[in-house]
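Below you'll find the structure, written out as structure tokens, and then a few comments.
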């Protein structure tokens, strides 16, 4: 920091400030002991209590260096809290000629409270985390003076210190140096506040955590960290983000630790064990260690932040595991504390990085001449030709290739740095937050501080007094009194007025919070309150303005901010793609991108493991070719061969245009294919959304997920937790949320829909905590998570051992699960797929041998934590607009596989009583059998159950048991739960010229409407059926059916209107007509089938 301003001069400006020791001491007693404080004077010349340098942890020295902080021991005599303590060890290179300052014994905090504060009427508490790139800064009142905040007399202020640089963030990636000590220091300080602030008259249940720059990133990390839960109730994130590239986790902390050691002369650092390495670094001189840190940088002052938080794995004890995963992943998934937040920035945030370069001719010349190599160090952007082209086109369009930055566009360099380093990650954080509350929208505030005053940090970045606009940290002098750097504002100055307005704005948030009631997704933008602080404009008549400060308010994000966000989102995304042009249903071309990887290939050790994010690629990815399906054998189709591969986690994006539409990004429909969890794919020849593209109203995404044993194998414990296919789907939805803007899609208007097992998957996503915030509407078609063929496997380990025995693994019945999984990973994929048939009990039954499971309680990221029937009944699922429906003969998927073979009909008839419990998956008593005969087999001879003539009756039985009953049950329980979002029900009865019955039976016999015939009218299926002739009834059905789905995904009234009201529903029913001109009927039919529902509730004896 700059040399301290003369204390005598300060006394002349601020006469009420006198030496602390000359004023009467305040005394507070806590459970740790009593403290003697001092008095200070606020901005209104009123005294307040100050307790300075309070220890909250043992000194982190000696063997406690590179260790988690330990709570301070109680003391017996009064503690002298009248003087501030040294900062933590640091060397600031952002300010010139700074020495190493501070002390390792630095874990102290300050408490400031208004005079007269008492424990009877506790005040809200504001806890400030200083910035400084995780390597400099302090809580000293000369840097962060409390006078402005205490002048409000509304809050108690706490400022804290934490270990910085190598002392706060060195890690070896294992238990010897777990890292994140600086963050754990902050956690311990927050725990101190929770335990002791009540003794100062503060309310531990009303704590606002706020920070600026790296302090802001720290606040966001505390929202994410499980260790900080419940320690604060509101958060203010100022000019920084945990999603900023300079704050993201160190990729290889051990390599950095070894490099640090070698810098200090430990020549054998690469050969030392991690324990030996830590032992060496633990006893090196602290000042020498601090002074060496700048030499770790690659170029000039970059990367600015070398030591920063790291991801901590299972090798780190849970009580020290501050950051369990990448913050980008956790934030996008909504895995953070559900507290109100406020975020904001200043216009020229990037000045902290750009101005030192612009004012160093040698360094600027290096950057211009070597932009390709230096971009990764300056902005963490890949130095590819595409990245350079995008950045130059946006920020330096007129500049020559060899000199991007010159005297005419230097402000554009600052803008680029501002956008990339702070403003983009702030907007990204905001957009994810507003859409994360179980798919509803959160109210929050985005501020922009644009007031230009006489003080600016730019003079420290440049050593000049030039005007560089409102730069990084320029908002701080209006919130804190910074006597070490700036003179006080005169009482009649615009700056003093700005200070009052700005301080009140932040304090009011801490005392009143913000409204955060959920509302409909369509108005997410309107739930963002924008507040801008500027200098008041001069009046046209030249008369003085009544105020020097302008505060304007608006709602939603500006188009400029959204475009900036989209630009950087793409720049920091996986990479670029080259797609293909396809033809929609009226012959127009539209772009499609096939076979985009959304996860690493699930091969080797990733077989039977959770999916892992794929790595970005260099150059343009060829997305013009479809990928192979996941490996499968379609048992339902007699002639189908085994096909597919294990490397199959790819998705397709279909968009009507790549140009930004006038109305903004398009809603997105994400399709989940069915197939009983054992077959199906996203290949365009099977699911071509050309009809959706004709509307030009939506983007469609289709994807693949692991099937059968590969997707749902489970040992019931952490060795193979199961649900890998479902987690593949979650990974695909996360990809959509992260990347769909690049295709013109809106990640806040995503509708997921699926048919059959895909419908069940959709309902599972409504239930799963992993899927929260990844979609805003849902359609379940002819499939339910409550169906008996979909509810969790009761004993997954028994199935896993049986599977292993079938493939010939010796001792599989007693082998430890970890060894069992390792052996199963070695089995050839084709042999493993073939072996599944040996586990069937009769013909193809159980059809869904492998399906979701309830995962073990110690699984860190479980998809399913309880029986879906229980979760659904008690309303433990996302509140989003939901539509569900079926066809009346969905059970044909079962009966057609039987009736295609006369010997199977005879076998089922002779063994009906024994096989029915297997097919229905419930015990069948004599009374239940009698009820089934009375309902379905009245016209069948008493000596028989199944004949060649009662296909319709058996199909009705299976349709009700497997599809209609679980669907109606889901709807009725949903209506009982009184969710605030609308519900609609449809039924598809239209019969056309093509049917899946031909595929399932291998004949042209007229079986009528078959499962899943409704899909023929949504997607083109060139592999199975030709397209319908224009003007045909089927073509008309396609138009009506596709529009029905698009309307649900796009229309705002869907947020408020459904076909169910109270506990009653009307069914939107599609049928054929005899009218040549209007061959399709779409009408509302009243009522769910209560008789059917009551019958099957008795058969299944549903208590859940």
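In mature numbering (1 follows the signal peptide of the UniProt record, and there is no 0), the protein residues as written are -19 to -1, 1 to 1085.
For every residue, glycine included, the Cβ atom is placed at its ideal position computed from N, Cα and C.
Quick caveat, the model's predicted, so the values are computed rather than measured.
The shortest CA-to-CA distance from residue 789 to any of 357, 1012, 813 is the one to 813. Inclusion of residue 982 and residue 988 in the CB contact set at 9 Å is warranted, their separation being smaller than that value. Nearest Cα to residue 375 within the set 724, 730, 394: 394. With respect to residue 223, residue 410 sits close: the two C-beta atoms are nearer than 9 Å.
Taking C-beta separations shorter than 7 Å and ignoring five residues to either side along the sequence, the partners of residue 159 in its chain run 152, 293, 297, 301, following chain order.
Going by beta carbons, residue 516 and residue 475 fall inside the 9 Å limit.
Here residue 948 is actually not in contact with residue 833; their C-beta atoms are around 18 Å apart, not less than 8 Å. Here residue 633 is buried: its Cβ has 16 or more other Cβ atoms, across all protein chains shown, within 10 Å.
A direct Cα-Cα distance of roughly 26 Å separates residue 963 from residue 313. Between residue 770 and residue 950, the CB-CB gap reaches or exceeds 9 Å. Remark: fewer than three beta-carbon pairs, one from each stretch, lie closer than 8 Å, so the stretch 667 to 674 and the stretch 763 to 783 are not flagged as touching. Residue 399 sits away from residue 552, with the two beta carbons spaced by 9 Å or more. Judged by beta-carbon spacing, residue 530 lies beyond the 9 Å limit of residue 468, meaning their Cβ atoms are not closer than that value. Relative to residue 508, the option among 483, 528, 490, 538 whose CA is nearest is 538. Cβ-Cβ distances below 6 Å link residue 946 to 1077 in the same chain, with the five nearest sequence neighbours on each side left out; the list follows chain order. Taking a contact to require three or more Cβ pairs closer than 8 Å, the stretch 606 to 613 and the stretch 567 to 580 qualify as touching. Look at the beta carbons and you see the stretch 620 to 630 not touching the stretch 734 to 748: under three pairs across the two are nearer than 8 Å.
DSSP places residue 79 outside both helix and strand once states are collapsed to three, so it counts as coil.
Of the other Cβ atoms in all chains shown, 16 or more fall within 10 Å of the Cβ of residue 1001; this residue is therefore buried. In chain order, 168, 203 place their CB closer than 6 Å to the CB of residue 209, counting only its own chain and leaving out the 5 sequence neighbours on each side. As the crow flies, the alpha-carbon of residue 782 is around 6 Å from that of residue 794. Taking the CA atoms as reference points, residue 282 sits about 14 Å from residue 115.
Ranking 178, 308, 134, 60 by CA distance to the CA of residue 200 puts 308 first. Shown here, residue 919 sits in coil according to DSSP, grouped into three states, outside any helix or strand.
Counting the other CB atoms within 10 Å of its CB gives residue 10 a total below 16, which places it among the exposed residues.
Per DSSP, residue 445 has no beta-bridge partner at all.
The criterion of a C-beta distance shorter than 9 Å is not satisfied by residue 423 and residue 433.
Taken atom to atom, the span from the alpha-carbon of residue 8 to that of residue 462 is near 25 Å. The beta carbon of residue 383 sits closer than 8 Å to those of 349, 350, all from its chain and outside the five residues before and after it, given in chain order.
Assigned with DSSP and collapsed to three states, residue 605 falls in coil, not helix or strand.
Under the DSSP assignment, residue 1076 falls in the alpha helix (DSSP H) whose first and last residues are 1071 to 1081. The stretch 99 to 116 makes contact with the stretch 133 to 149; the number of CB pairs closer than 8 Å reaches 3 or more. Nearest Cα to residue 878 within the set 920, 922, 936, 854: 936. In this model, residue 100 and residue 177 are separated by some 11 Å (Cα to Cα). If you draw a straight line from the Cα of residue 268 to the Cα of residue 841, it is about 40 Å long.
Nearest neighbour of residue 378 by Cα position, chosen from 362, 397, 361, 83, turns out to be 397.
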